[in-house]
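Peer 1:
Number of protein chains: 2
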Amino acid sequence: MKVGILGAGQLAKMMALAAHPMHVQTLCLDPKADVCASYVTETRQGHYDDKNTIEQFASEVDFVTFENENIPAQTIGWIAAICPIAPSKDSLLCAQDRILEKNLFDALGIHTPNYRQIDSLSDLTQAVEALGLPALLKTRRFGYDGKGQYLIQEYSQISTAWESLGQENLILEAFIPFEFEVSQIIVRDKRGHIQYYPLTFNEHKNGILRISKAPHMNHDLETMAKNYCKKIAEHFNYVGALTVEFFVKNNQLIANEMAPRVHNSGHWTIEGSVTSQFENHIRAICHLPLGSCEPLGQIAMFNIIGQVPSREKILSIDNAHLHDYGKTAKPNRKVGHVTIQAIDASLFSQAFEAVNNALQG
Amino acid sequence: MKVGILGAGQLAKMMALAAHPMHVQTLCLDPKADVCASYVTETRQGHYDDKNTIEQFASEVDFVTFENENIPAQTIGWIAAICPIAPSKDSLLCAQDRILEKNLFDALGIHTPNYRQIDSLSDLTQAVEALGLPALLKTRRFGYDGKGQYLIQEYSQISTAWESLGQENLILEAFIPFEFEVSQIIVRDKRGHIQYYPLTFNEHKNGILRISKAPHMNHDLETMAKNYCKKIAEHFNYVGALTVEFFVKNNQLIANEMAPRVHNSGHWTIEGSVTSQFENHIRAICHLPLGSCEPLGQIAMFNIIGQVPSREKILSIDNAHLHDYGKTAKPNRKVGHVTIQAIDASLFSQAFEAVNNALQG
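Quick mapping for you: the protein sequence lines, in order, are chains P and C. Note that this note's numbering gives residue 95 to position 95 of the first sequence, counting from 1, and the numbers run on in steps of one. Note that this note's numbering gives residue 279 to position 279 of the second sequence, counting from 1, and the numbers run on in steps of one.
1. What's the C-alpha gap between C:H267 and C:S276?
2. Figure out for me which residue from C:G326, C:I299, C:T243 has the closest Cα to the Cα of C:S346.
3. For the putative contact between C:A225 and C:Q184, defined by C-beta atoms under 8 Å, what is the C-beta separation to the nearest angstrom?
4. Taking DSSP's pairing of strands, which residues face C:I211 in a bridge?
5. Over what stretch of residues does the alpha helix (DSSP H) that includes C:S183 continue unbroken?
6. Could you confirm whether any beta carbon from chain P is found closer than 9 Å to the beta carbon of C:S316?
7. List the DSSP bridge partners of C:E257.
8. Could you give the C-beta distance for C:I317 and C:A354, rounded to a whole number, given that I count them as a contact under 8 Å?
9. Could you confirm whether any beta carbon from chain C is found closer than 9 Å to the beta carbon of P:P289?
10. Output, in sequence order along the chain, the residues in the region 18-33 of chain C whose CB is closer than 8 Å to any CB in chain P.
11. Identify every residue that forms a DSSP beta bridge with C:A354.
12. So, for C:I82: in the same chain, excluding its five sequence neighbours on each side, which residues have a beta-carbon less than 8 Å away from its beta-carbon?
13. May I ask which residues mark the beginning and end of the beta strand (DSSP E) holding C:D50?
14. Taking a cut of 9 Å between CB atoms, which residues from the region 75-92 of chain P lie near chain C?
15. Looking at the structure shown, is P:A342 part of a helix, part of a strand, or coil, going by DSSP?
16. Which first and last residues belong to the alpha helix (DSSP H) in which P:D324 is found?
17. Verify the CB distance criterion: does P:H323 have a CB-CB separation below 9 Å to chain C?
18. Thinking C-beta only, is C:P87 closer than 9 Å to C:F236?
19. Mind pulling the chain P residues with CB within less than 8 Å of C:N357?
20. Quick one: residues in its chain with C-beta nearer than 7 Å to the C-beta of C:G326, no 5 flanking neighbours on either side, listed in chain order?
21. Please list the partners that P:G326 has in chain C, where partner means a Cβ-to-Cβ separation under 8 Å.
22. Measuring straight from C-alpha to C-alpha, what distance separates C:Q341 and C:G272?
23. In this structure, does DSSP put C:Y115 in helix, strand or coil?
24. If you reduce the DSSP assignment to three classes, tell me which class C:G148 lands in.
25. Go ahead and label P:L124 buried or exposed: buried means 16 or more other beta carbons lie within 10 angstroms of its beta carbon, across all protein chains shown.
26. Roughly how many whole angstroms lie between the Cα atoms of C:N169 and C:S120?
27. Report the rounded CA-to-CA distance for C:R188 versus C:N280, giving the unit in angstroms.
28. What residue range does the beta strand (DSSP E) around C:A80 cover?
29. For C:E312, which residues in chain P fall below 8 Å Cβ to Cβ?
30. Return no unless some Cβ of chain P is closer than 9 Å to the Cβ of C:N319.
31. Measure the C-alpha to C-alpha separation of C:K313 and C:A320 and round it to an integer number of angstroms.
32. Note the first and the last residue of the continuous alpha helix (DSSP H) segment covering C:E279.
33. Give me the Cβ distance between C:L322 and C:R311, rounded to the nearest whole Å; I'm assuming they're in contact under 8 Å.
34. So the alpha helix (DSSP H) C:K28 belongs to, where does it begin and stop?
35. Would you report the Cα separation of C:E69 and P:V24, rounded to the nearest angstrom?
36. With DSSP collapsed to three states, give me the class of C:I85.
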């Protein structure tokens, strides 16, 4: 059995590492030459809009999946004509466009910030009137890690915001003064069975995820999050891992965005749950039974941004696991992560402090 | 950082899978062409007695280790002249020869079955007189999974046993009517720090390990086993994972054999402990700090002998993890293993029964 993965970054690397023990082989396709999955799987360089490349790739594998949302719709079509691709095209297209995503949340009764589609400066002026300030102007497509966003705090910033984000295909969202952020990861198999990871608490800095902690013990929020994810997954007859990020305010969830794939806020599941999100995603897309998502004690994941510290520094911390993606150091780039997992609470606290210090020092 | 591994079988595959998250690269060298590590790491085909091949291999990596004991001493010498190799040559040579191994156990005060070196038929006759029957005649070198052994139960079998095992370089061991078998795995780093896995209970059938269970809760035996392993490791100034297999009789340990490498009875540590034997072995030989060996609840590992059942069958069992080595099916061949891990005792029992049934059915 062989899985084709569009993309060959760290998410593809972790999917391949999860597939290999089950003797599920992997082949990654990426437009870039220097990719971090290349150490652990067969990879190929090629562009997603090159039909020959895509058809050749699809013909060599049994199932196809992807590690990020930036896949053209026609590429999905070319693949689907040759072999199964999951998650579904509809879920991918929805996640690619903040308007479609918000429309879906609305249609399914999932709270989400008020929003307006913005195609002109006058749309924006009217939307600011309607939603008030502060408000977030965002590109509909291709935003990540806080990129493609402008926080409008005063009326005087409207035209600057409009110009800085390209003057087309934008969305204005009401700014939510949330208390914290959580994410819910679920995985759904071909027969419609769903497994739910515990709710994860997320801490961002400058728009980039820094720390995820699980399980986040809040029964009401978790029930709500699982129910929302189930609605989305069933709407798409979804197969694979699905993540929804939520703001939390007054003990209510407000959906921020969804990701039809394995997600950074689920990296803790590698050491911290019975079956990782990566293994479960592979199982799902290969039409295999899903594994348990039970957490193994308390877990935290710290993203390493910019540059990986020395291995010695991280590995000398009890219960710390280093994931070095093998990427070139660069400011604001996710180059690795550290997970700590412990069943004993005081051991967990010590490790948490130690990793936090090591990554700030 | 790059580790060279002599051998490219399942142990090398699991070492490579443990190395990759830390961005430790691997290069395996194996005399065979069709090797199961090839899906997860760079591999090369070459013979251990080919000096050019070995020197080229050693020059491309930072550290060398091995996945089995059948490495010629001169190969170790060629490598050591170019880059560090661990575990040490002395420990490897000792583990290659049952006489040296038993001599060491004796010298360190570690109980082991009575034994005699056998180089002639008259040696054997005299040894049978001295040790009594039943007794086990074994080849000194290259025995594994019950191969190279003859259980002599009556005097009339002496000459048949002598002839069937090649008539040279043999050892006769007193037969121990043991109650059960255990193994102790430890890992020692360059600075002499040791981490100890919990004692593992092992069940064999026809000389092949079938089931390992951990932690085996027996404080006295575990203390004794850890102490014995510490003595051996310190004797060799050992670096890496070390396994010693023991018979248990009357609550005493009787050392059977040692393995200067990762070991089949430690496969459970992948899902069942904070840091697997594979990751800790890689950390040790790369001069990195060791990780915790704490178990995560109750764990059992079942070897898959002969042929891997369908993935669906195994993965439909809660908390079961399938390791399919990707090897051709063959009677009595280890082609995979299944690990179950659970913190909840009744969940563990259910999974244990289910896997046991699935592998027998």
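We put the beta carbon where it would ideally sit given N, CA and C, even for glycine.
Peer 2: Reading from the atomic positions:
1. 8 Å
2. C:I299
3. 4 Å
4. C:E203, C:F302
5. C:S183 -> not in any alpha helix (DSSP H); beta strand (DSSP E) instead, spanning 180-188.
6. yes
7. C:E245
8. 4 Å
9. yes
10. H20, P21, M22, H23, Q25
11. C:A354 pairs with nothing; no bridge assigned.
12. E55, A58, S59
13. Careful: C:D50 lies outside any beta strand (DSSP E) and carries neither H nor E.
14. none
15. strand
16. Unbroken run through P:D324 is the beta strand (DSSP E), 320-324; no alpha helix (DSSP H).
17. yes
18. yes
19. Within chain P, no residue comes near C:N357; the closest Cβ sits about 16 Å away, beyond 8 Å.
20. C36, Y39
21. H23
22. 6 Å
23. strand
24. coil
25. buried
26. 9 Å
27. 9 Å
28. Counting along the chain, C:A80 falls outside any beta strand (DSSP E), though it belongs to the alpha helix (DSSP H) covering 73-80.
29. L288, P289
30. yes
31. 10 Å
32. 277-285
33. 6 Å
34. Per the sequence presented here, residue 28 of chain C reads as Cys, with Lys not at that position. From DSSP, C:C28 is part of no alpha helix (DSSP H) but of the beta strand (DSSP E) over 25-30.
35. 29 Å
36. strand
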